[in-house]
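If you're matching positions, the sequence shown starts at 237 in this note's numbering and goes up one per residue.
Heads up, the thing below is written out as structure tokens.
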Amino acid sequence: MAVIDLLPSILLGAAPLALVWIVVWLRRSPLPPGPRSEWKNRVKPGTQPWKAYKELAKEYGPIMCTQASFGAYAFVVDTAETLVELFEKRSKIFSCRPRWVMAELYGRQNNVGLMYYGEELTRVRKVLHRGIGLQAVPQWENLFEYESLKILSDALADSANLLSSVEYNIESMVVRFTYGHDMDDEFLKLATKVSQQTGVALQPGRWMVNYIPILAYVPAWFPGAGFQKLAREGKDYYFKLTRPPYERVKEELSRGVATPSFVSHSLTDMAKHPHLGFNEQAIMSAAGSVFSAAVDTTTSTVLSFFLLAATHPEVQERAYNEIMAVVGPDRLPALQDQDSLPYINCIMKEIWRFNPPVPILTHSPIAEDKYLGYRIPKKSWVFGNVWSIMHNEAQFPEPDKFNPDRFLPVEGQPMPPDPKDFVFGLGRRLCPGMNFANALVFLTISRAIALSEIRPPRGETLLLEFTTSLISRPKPFKCVVTPRKGVPPELLAQLKPEKLKALYKTI
Ligand code: HEM
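The structure is reproduced here in structure tokens:
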């Protein structure tokens, strides 16, 4: 019998199935409300999208569907409650990253920040937790001590170059911590190049392959497949940045001459504690991710401190008085003092609230889910608008005012949300370097206040403006850093190059 003769029976048999499918499809929950196609008119390129989303959320509510392109939906979450519900309470579902095929071709899936949810991510995050988590912080106390003093010493010596010196010092510290070596120019050039390339790979709307993943299989010689050549080049750069420094530590460790570092500790742990399940690829990925994750975010925080301190001298005075009352004039604040310095902690929270270094978190669900009766499809993009949550007028009155007092307890009044619960992310993607960053930022701020005064250049008014980028930081500004009057010379002497050199040797 010919197939054509069977066609009526096949169609008849398939009809009920098709009917069931159509009914299920029609009865699906709706998508959340949102501006859809109008979205592009409401979020102007080059302006901070987190502010536009905040305005849109006033019309559309705590979760809105902004756009859909090639079947991928994008949602923006605007309230603390919804973000905690999705990213933290349902973190089993919402802990993946959206698919960026171009970033995969660039080899960036080895970078933890972009890695998809799964076994490999769990393993790499375990390596990171052991190496940079809370229990690892005391081991690196001398590194933080050194770094906080070096940043201040350079700021006092040449405040005109504050922005570049802060960034350079943080870069050097991260390399020293990760591999136990001093950073050289070649590493810095490579890291800068890799970071630019990652930015290019992630550019929204630029790569057709992000929308039509099958294009990833088109060979490089095929007309129009120039992206393959770029991606190959990007992959080679990433390899050069992450493999040789790792191999060098491994080789030094085998000869017993490795300086303590994240990599040397992790390799030692792998050999001594097989039950941890570490492997070399996971250690190399973890180490290769630290630089990009740590430098921009920490630099943003320290620069925000200098800008906000310069524009708020009264905050510096109150913090100085607290340090004098708790620590006294004869020594510098140390990590152990943090819990006894509530006002300094309020300043840190307010800096992170005022300009969260990562204003928007990007997660993706591994399965379809429902929230408030709305459907959130699998693999969609879910943006957590941390900036908006940190500028919610109900919880943070006058949100555009820098006011550390808002975090001091007032009898009978509820405390506002702690910015640290949001600006470091949530759930299974929570920043593993949070305690590391906290230690460095606390020492840098408290020591800068104890030893110096930070002011705008004479006759100038500083603007509190921040960049529009994945990691937002203050726009270029100038401030003047001078030694505080009356500080005992022995304390200021700790900033001298020879003293710093001696401290560096103890790390
Ligand atoms: C003030 C400084 C910092 C801030 C504000 C910050 C913030 C963040 C945020 C928001 C995320 C994404 C979380 C999410 O998607 O939910 C993240 C991820 C990450 N951070 Fe940090 N971070 C800082 C410093 C550091 C430092 C010092 C390190 C390392 C020493 C570090 C290592 C990482 C890594 C490896 C990831 C990727 C984790 C993953 O995707 O699973 N961060 N950080």
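Beta carbons: idealized from backbone N, C-alpha and C, even for Gly.
Bear in mind that the values here come from a model prediction, so they are computed numbers and not experimental data.
Phe380 is the residue among Lys429, Lys425 and Phe380 whose C-alpha sits nearest the C-alpha of Arg412. When rounded, the separation of the alpha-carbon atoms in Glu321 and Ser327 is 9 angstroms.
With a beta-carbon spacing of about 7 angstroms, Ala310 and Phe619 fall inside the 8 angstroms limit used to define contacts.
With a 10 Å radius around the Cβ and a threshold of 16 neighbouring Cβ atoms, Asp472 comes out exposed. Exposure of Trp457 is indicated by the presence of fewer than 16 other C-beta atoms within 10 angstroms of its C-beta. Selection Glu295, Gly270, Val312 and Glu558 evaluated against Trp286 yields Val312 as nearest (Cα-Cα). Of Pro724, Met338, Ala427 and Gln649, the smallest CA-CA separation from Leu451 is found for Met338.
The C-alpha of Leu364 lies about 37 angstroms from the C-alpha of Ala461.
In terms of Cα proximity to Phe423, the closest of Ser408, Gln432, Gly435 and Val436 is Ser408. Counting only the Cα atoms, Arg272 lies some 12 angstroms from Ala308. Inter-segment contact for the region 677 to 686 and the region 560 to 579 is present: three or more beta-carbon pairs are separated by less than 8 angstroms. Between Ile612 and Thr315, the C-beta spacing is not below 8 angstroms. For a cut-off of 8 angstroms, the C-beta gap from Ala673 to Thr534 is around 5 angstroms, short enough to register as a contact. Straight through space, the alpha carbons of Pro459 and Trp588 are spaced by roughly 48 angstroms.
Taking each of Val348, Leu706, Arg335 and Pro266 in turn and checking the Cα distance to Ser536, the smallest one comes out for Leu706. With a cut-off of 7 angstroms, the C-beta of Ser389 is classified as distant from the ligand HEM, since no heavy atom of the ligand falls inside that distance. Counting along the chain, no beta strand (DSSP E) covers His501; the unbroken alpha helix (DSSP H) around it starts and ends at Phe498 to Lys508. Around the beta carbon of Val402, 16 or more other beta carbons lie within 10 angstroms, which makes this residue buried.
Here the C-alpha atom of Pro268 lies approximately 17 angstroms from the C-alpha atom of His599.
In the structure shown, the three-state DSSP call for Ser408 is helix. Here Ala555 really is in contact with Tyr579; their C-beta atoms are around 6 angstroms apart, less than 8 angstroms. At least one heavy atom of the ligand HEM lies less than 7 angstroms from the C-beta of Thr537. With fewer than 16 neighbouring CB atoms inside 10 Å of its own CB, Pro549 falls in the exposed class.
In the three-state reduction of the DSSP assignment, Thr598 falls in the strand class. Counting the other Cβ atoms within 10 Å of the Cβ of Pro440 gives fewer than 16, which makes it exposed.
The region 468 to 484 and the region 515 to 523 touch, with three or more beta-carbon pairs separated by less than 8 angstroms. If only uninterrupted alpha helix (DSSP H) runs of at least 4 residues are considered, those enclosed by the region 267 to 293 are 275 to 278. Of the residues Ala288, Ala729, Asn347 and Asp605, the one whose Cα lies closest to the Cα of Trp617 is Asp605. Here Ala250 is not bridged, per DSSP, to any residue. In the structure shown, Gly669 adopts coil according to DSSP, grouped into three states.
When DSSP assignments are scanned along the region 425 to 466, no uninterrupted stretch of beta strand (DSSP E) that is 3 or more residues long falls wholly within it.
Within 10 angstroms of the beta-carbon of Gly669 lie 16 or more other beta-carbons, which makes it buried.
Within the chosen limit of 7 angstroms, the ligand HEM does not reach the beta carbon of Gly416 with any heavy atom. For Val659, same chain residues with a beta-carbon under 8 angstroms away, outside a window of 5 residues either side, are Trp588, Arg589, Pro592, Pro593, Val594, Val622 and Met626 in chain order. Here the alpha carbon of Lys280 sits roughly 16 angstroms from the alpha carbon of Ala293. Taking every protein chain shown into account, the CB of Met651 has fewer than 16 other CB atoms within 10 angstroms, so this residue is exposed.
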